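For reference, the structure is listed below as structure tokens.
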Amino acid sequence: MAEIVSLAEAITANVHDGDIVAMEGFTHLIPHAAGHELIRQRRRDLTLVRMTPDVIYDQVIGAGCARKLIFSWAGNPGVGSLHRFRDAVENGWPVPLEIEEHSHAGMANRYLAGASGLPFAILRGYRGTDLATHTAGVADIVCPFTGETLTAVAAIRPDVAVIHAQQADRLGNVQYWGITGVQKEAVLAATRSIVTVEEVVDVLDPRPGAVVLPSWAVTHVALVPGGAHPSYALDYSVRDNDFYVAWDAISRDRAGFLAWIDEHVLAEDSPAGSVS
Amino acid sequence: MAEIVSLAEAITANVHDGDIVAMEGFTHLIPHAAGHELIRQRRRDLTLVRMTPDVIYDQVIGAGCARKLIFSWAGNPGVGSLHRFRDAVENGWPVPLEIEEHSHAGMANRYLAGASGLPFAILRGYRGTDLATHTAGVADIVCPFTGETLTAVAAIRPDVAVIHAQQADRLGNVQYWGITGVQKEAVLAATRSIVTVEEVVDVLDPRPGAVVLPSWAVTHVALVPGGAHPSYALDYSVRDNDFYVAWDAISRDRAGFLAWIDEHVLAEDSPAGSVS
Amino acid sequence: MTYTADEMMTVTAARVLRDRMTCFVGIGLPSEAANLARYTHAPNLVLIYESGTIGTKPDALPLSIGDGILAQTADSVVSVPEIFNYWLQPGRIDVGFLGAGQLDRFGNINTTVIGGDYENPKVRLPGAGGAPEIAAACREVIVVLRQSPRTFVDRVDFITSVGFLDGPDARARLGLTGAGPQRVITDLGVLRPDPATCELVLTGIYPGGSVAEIKSRTGWDLQVSADLEQIQPPTEDELTVLRRLVATMPARKPAPTGAAR
Amino acid sequence: MTYTADEMMTVTAARVLRDRMTCFVGIGLPSEAANLARYTHAPNLVLIYESGTIGTKPDALPLSIGDGILAQTADSVVSVPEIFNYWLQPGRIDVGFLGAGQLDRFGNINTTVIGGDYENPKVRLPGAGGAPEIAAACREVIVVLRQSPRTFVDRVDFITSVGFLDGPDARARLGLTGAGPQRVITDLGVLRPDPATCELVLTGIYPGGSVAEIKSRTGWDLQVSADLEQIQPPTEDELTVLRRLVATMPARKPAPTGAAR
Chain A
1 MAEIVSLAEA ITANVHDGDI VAMEGFTHLI PHAAGHELIR QRRRDLTLVR
51 MTPDVIYDQV IGAGCARKLI FSWAGNPGVG SLHRFRDAVE NGWPVPLEIE
101 EHSHAGMANR YLAGASGLPF AILRGYRGTD LATHTAGVAD IVCPFTGETL
151 TAVAAIRPDV AVIHAQQADR LGNVQYWGIT GVQKEAVLAA TRSIVTVEEV
201 VDVLDPRPGA VVLPSWAVTH VALVPGGAHP SYALDYSVRD NDFYVAWDAI
251 SRDRAGFLAW IDEHVLAEDS PAGSVS
Chain B
1001 MAEIVSLAEA ITANVHDGDI VAMEGFTHLI PHAAGHELIR QRRRDLTLVR
1051 MTPDVIYDQV IGAGCARKLI FSWAGNPGVG SLHRFRDAVE NGWPVPLEIE
1101 EHSHAGMANR YLAGASGLPF AILRGYRGTD LATHTAGVAD IVCPFTGETL
1151 TAVAAIRPDV AVIHAQQADR LGNVQYWGIT GVQKEAVLAA TRSIVTVEEV
1201 VDVLDPRPGA VVLPSWAVTH VALVPGGAHP SYALDYSVRD NDFYVAWDAI
1251 SRDRAGFLAW IDEHVLAEDS PAGSVS
Chain C
2001 MTYTADEMMT VTAARVLRDR MTCFVGIGLP SEAANLARYT HAPNLVLIYE
2051 SGTIGTKPDA LPLSIGDGIL AQTADSVVSV PEIFNYWLQP GRIDVGFLGA
2101 GQLDRFGNIN TTVIGGDYEN PKVRLPGAGG APEIAAACRE VIVVLRQSPR
2151 TFVDRVDFIT SVGFLDGPDA RARLGLTGAG PQRVITDLGV LRPDPATCEL
2201 VLTGIYPGGS VAEIKSRTGW DLQVSADLEQ IQPPTEDELT VLRRLVATMP
2251 ARKPAPTGAA R
Chain D
3001 MTYTADEMMT VTAARVLRDR MTCFVGIGLP SEAANLARYT HAPNLVLIYE
3051 SGTIGTKPDA LPLSIGDGIL AQTADSVVSV PEIFNYWLQP GRIDVGFLGA
3101 GQLDRFGNIN TTVIGGDYEN PKVRLPGAGG APEIAAACRE VIVVLRQSPR
3151 TFVDRVDFIT SVGFLDGPDA RARLGLTGAG PQRVITDLGV LRPDPATCEL
3201 VLTGIYPGGS VAEIKSRTGW DLQVSADLEQ IQPPTEDELT VLRRLVATMP
3251 ARKPAPTGAA R
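As they're listed, the protein sequences go chains A, B, C and D. So in this note's numbering, spot 10 of the first sequence is number 10, and the numbers just go up one at a time. So in this note's numbering, spot 137 of the second sequence is number 1137, and the numbers just go up one at a time. So in this note's numbering, spot 74 of the third sequence is number 2074, and the numbers just go up one at a time. So in this note's numbering, spot 164 of the fourth sequence is number 3164, and the numbers just go up one at a time.
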């Protein structure tokens, strides 16, 4: 049964230095507030996993929480580069960042394997590309029936998965809808899970296209209205596209980035409900 | 784009003697009317695929349409045996029936592989059972990363999949909800597909828990209100449990079965909208 | 209150389930027992049926694993591939509840064929259904089955679902993640695997039952546990709830033996 | 009406799309072109974004592949694993629309690193995203990319997504089911693979363009098709619709090169 706690309590209880952490949300429902809490609690040496590292990991990486990133597309969607990510990869600032990169289909299937309790998944992918030769967790596999060669990808088993959802009920059952991404797979693949939510309701009103995670499959739920900003929660907020555009300038140099983190993340005391 | 035609036209156009036919629907939304149309059109030598052959295939097998059955559980749920299935397997009446049996998880993953365009899928299954030794399409496979031995099952690629849904719109987009079973995988694994529906609507009103199949992924849609009876379509009909109980007596001997088929299936002219 | 042997069996099975457990339920006696538990001592029991209904709360006993009531009262309804791949296979489910056609001394289950050979059996059973993976993956398995020398055999004619195969280390060797059949609940008593040999031994007996009769209805030389438990009769509450539940079902013959549904 | 080279490129890309086609769309120029087609000659074009939105009908250009408008106007929204496994991988999609950081004479795409080596590149690009499987599985691929000797190279520094690798039979050898990059649409013209060699050759040129300039902006000895097509300028309707669409976007820098999103 998922316990409903504050965001700070959830991060303290579930995320430890050196953990493998998957914060998912495919453009929609990105758990930004939880990322800020990682920074406030000064986690270190994390292996971060995420298909699209995006602004959320640009912040966590720039704040020095991570030693490794496993990903499939590292950009600021529709805007440009992730400057903090590139500074860490190219210059080791503030700490060196090891990378392991895949394709989206490869990452999605690695989560799927983890959620399925399998050590690997198969797909048609990587064949002929230079990705396979520079990346761990990819191997050829031969179909025992047709003899055809396909690609196997190793399961991802995060220590903790963190996602944002629209609603939880008081028992800790979680519901989210809209673009549902790979969050169910991330949560089911992980040993522990945290779900930040826009709202805690008495009863979950079934929604078209919704994913419902039963309480017993989630570790902690934290009420964090607006916790996806600058990403969004369909029917609760809209994507702050201007922030994504503004982030390019904010993050371009180290001083500007640190000033922003000081003002918008560290200045906040760890909030139960507030948003950075 | 799915064309909306009569059930008779859909069966004539898509199901040919000797085809591999998957009629799915997991207790809910079983396409019984389409099964009756197969009998009326006197299809022969079909390879029938279905996780739970159930009353629908007991009828199609008893009518002599099938030469082979691929399945994972052959009973009358909550009632008893499928007498026509057993008569065909044990006595070859009216024609011999070859069987290939799997577990539910195995069948579900064989459809999943077919829907994914993969020659096989992997699962933790069959290990230590006698199923593997008596069944085609099952093989050991070793994880290239951990060395662990798992089970591979061969993809199912039906010539045609037939399912029943609550609604289609006039463009042929299909929506069904409730217990959604393995129908999406069956349709996407098949070369052609037929969807019988309770209702054709102007606009599909999104429903919680609904699966929507886009028109371009379906071959033909046919309007057949009540087309799942004695199974049911959630929010349109209830399961006729008494019929399932009654079927035990109807199907117990050959004469009684044939009389029932004559009266309730063959006597009908091929209906666009009527139900047998 | 008088009660039948089947009622004693169902009540005994229900008592094994603790509140908040997750339980993968087959149709028939397992479904009756699981819902009885939910309406008595385990109100938060999480019922999962292979039709993809998670956390379902039927107020009437379903005849099939796909009755509408299961979807309408579920916390979540997922596809059949998902229920097996994401929910059962990884070992998230505490208890798997199975019936059987035949059961042997090592808890192996046959729901496929009895007698003759596979091609020409004496009795053709429904087949595997979800049972093999339920038996493999649930943290523990409970088998509910009426006891007779025909059903409780030394070796099953066909291994549909693996119990302990042939002894203690077989499950580990096969990579089966669950603990296997930890309880076999019959109309005469309760059998549990010997910790050393994994052979099923009699560990519980119902009021008025006789060990001699139980042995005579077992197809192998059934051993009896040193501390044989005297199982309490059904309480009035248990019987009242069970009979109300059973009364919600349409008239029917017994569920097919071995139906993991 | 005057128009920019980018507008000519986007209009040319849009013209390739026929009504009722299914189109897997990346963000940026591909998204502009696909939506332009949908608002002009291909009203029933089926747009699919890797965020899982199938048959989406945005009335404004999304900045990201996950904008709410894409989910709210979709025929169906599926999970990310499903969009890749059930919809893209089996080859159901007619056209895949990709950008690139670098493109070579055999249509191979680099969106990973430019210059130096993989560990210490001159330029770190966003990476693969959905591009490798889009390039592998779609019935055909269209690449949209501004042309310069730096982006149109003899061999890409890193093969992120396979075009024709090194010649005619490579795709079959690798088991890639789609036909690969059948059109490369640039700000100067259109390149298509030579049927015999699979090398990209110039097959179309825009009004007022010069073959000499196009060759000078190509990093290999670009061959010119015997029947070089003179591409018609954008119609007033095409430009009006395109500009209205682009006006719906927030101010931004150009999309990152190579974004398969």
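Using N, Cα and C, we set each Cβ at its ideal position, and we do this for glycine too. Every value quoted in this text rests on a predicted model; they were computed, and no experiment measured them.
Query                                                                                                                              : Result
Any chain A beta carbon closer than 8 angstroms to R2018 (chain C)                                                                 : no
heavy atom of the ligand SAM below 7 angstroms from Y1244 (chain B) C-beta                                                         : What this structure holds is no ligand at all, so the ligand SAM is not there to describe.
Where the alpha helix (DSSP H) through M3009 (chain D) begins and ends                                                             : 3005-3016
Sequence-distant residues of the same chain with beta carbon closer than 7 angstroms to V3016 (chain D), five excluded per side    : I3142, R3183
Anticipated Cβ contact below 8 angstroms, G2145 (chain C) with V2162 (chain C), distance rounded                                   : First, the residue type needs correcting, since residue 2145 (chain C) is Leu and not Gly in the sequence shown. The Cβ separation is near 16 angstroms, so there is no contact.
Inter-stretch contact at 8 angstroms, needing at least 3 Cβ pairs: the region 18-25 of chain A / the region 40-56 of chain A       : yes
Y236 (chain A), DSSP secondary structure in three states                                                                           : coil
Length of the line joining the Cα atoms of E3 (chain A) and L1213 (chain B)                                                        : 37 angstroms
S3210 (chain D), buried or exposed, once every other Cβ within 10 Å from all chains shown has been counted against 16              : exposed
Cβ-based burial, R127 (chain A) [other Cβ within 10 Å; buried from 16]                                                             : buried
8 angstroms Cβ cutoff met for M2021 (chain C) and D2075 (chain C)                                                                  : no
Beta carbon of A1115 (chain B) nearer than 8 angstroms to that of A1189 (chain B)                                                  : yes
Endpoints, the alpha helix (DSSP H) within which H1104 (chain B) is located                                                        : 1104-1115
C-beta contact flag for A113 (chain A) and A155 (chain A) at 8 angstroms                                                           : yes
Neighbour flag for Y3049 (chain D) against chain B, beta carbons, 8 angstroms                                                      : no
Beta-bridge partners of K68 (chain A), as assigned by DSSP                                                                         : A:T47, A:E98
Spatial neighbours of D2019 (chain C) in its chain, beta-carbon cut-off 8 angstroms, leaving aside the 5 residues before and after : H2041, A2042, P2043, N2044, L2045
C-alpha gap between S1006 (chain B) and R1040 (chain B), whole angstroms                                                           : 14 angstroms
Limits of the beta strand (DSSP E) - the one that D130 (chain A) falls within                                                      : Run containing D130 (chain A): none; DSSP gives neither H nor E here.
Rounded C-alpha distance that separates D1205 (chain B) from A1132 (chain B)                                                       : 44 angstroms
Q3232 (chain D) to P77 (chain A) span [Cα, whole Å]                                                                                : 32 angstroms
In DSSP terms, what F120 (chain A) is bridged to                                                                                   : A:A154
Cutoff 8 angstroms; reference G209 (chain A); Cβ partners in own chain excluding five residues on either side                      : W177, G178, T180
Cβ-based burial, E148 (chain A) [other Cβ within 10 Å; buried from 16]                                                             : exposed
Neighbour-count burial assignment, N91 (chain A), 16 or more Cβ in a 10 Å radius                                                   : exposed
Proximal chain A residues relative to P2090 (chain C), where beta-carbon distance stays under 8 angstroms                          : A115, S116, G117, L188
Cβ contact check for the region 1233-1248 of chain B and the region 2049-2067 of chain C: 3 or more pairs under 8 angstroms        : yes
Integer-rounded CB distance, given that V1060 (chain B) should sit under 8 angstroms from L1038 (chain B)                          : 6 angstroms
Under 8 angstroms between C-beta atoms of I3109 (chain D) and A3071 (chain D)                                                      : no
Secondary structure of T1012 (chain B), DSSP reduced to three states                                                               : helix
Continuous beta strand (DSSP E) assignments of at least 3 residues falling wholly in the region 3146-3199 of chain D               : 3181-3185, 3189-3193
Partners in chain C for W1073 (chain B), counting only beta-carbon separations shorter than 7 angstroms                            : P2126, G2127, A2128, G2129, R2261
Contact the region 3213-3229 of chain D vs the region 3163-3173 of chain D: 3+ CB pairs below 8 angstroms                          : no
Residues sharing a beta bridge with I1020 (chain B), DSSP                                                                          : B:T1047
Three-state secondary structure assigned by DSSP to T1196 (chain B)                                                                : strand
Contact list for I141 (chain A) against chain D, beta-carbon separation under 8 angstroms                                          : Neighbours of I141 (chain A) on chain D: none; closest Cβ ~12 angstroms, over 8 angstroms.
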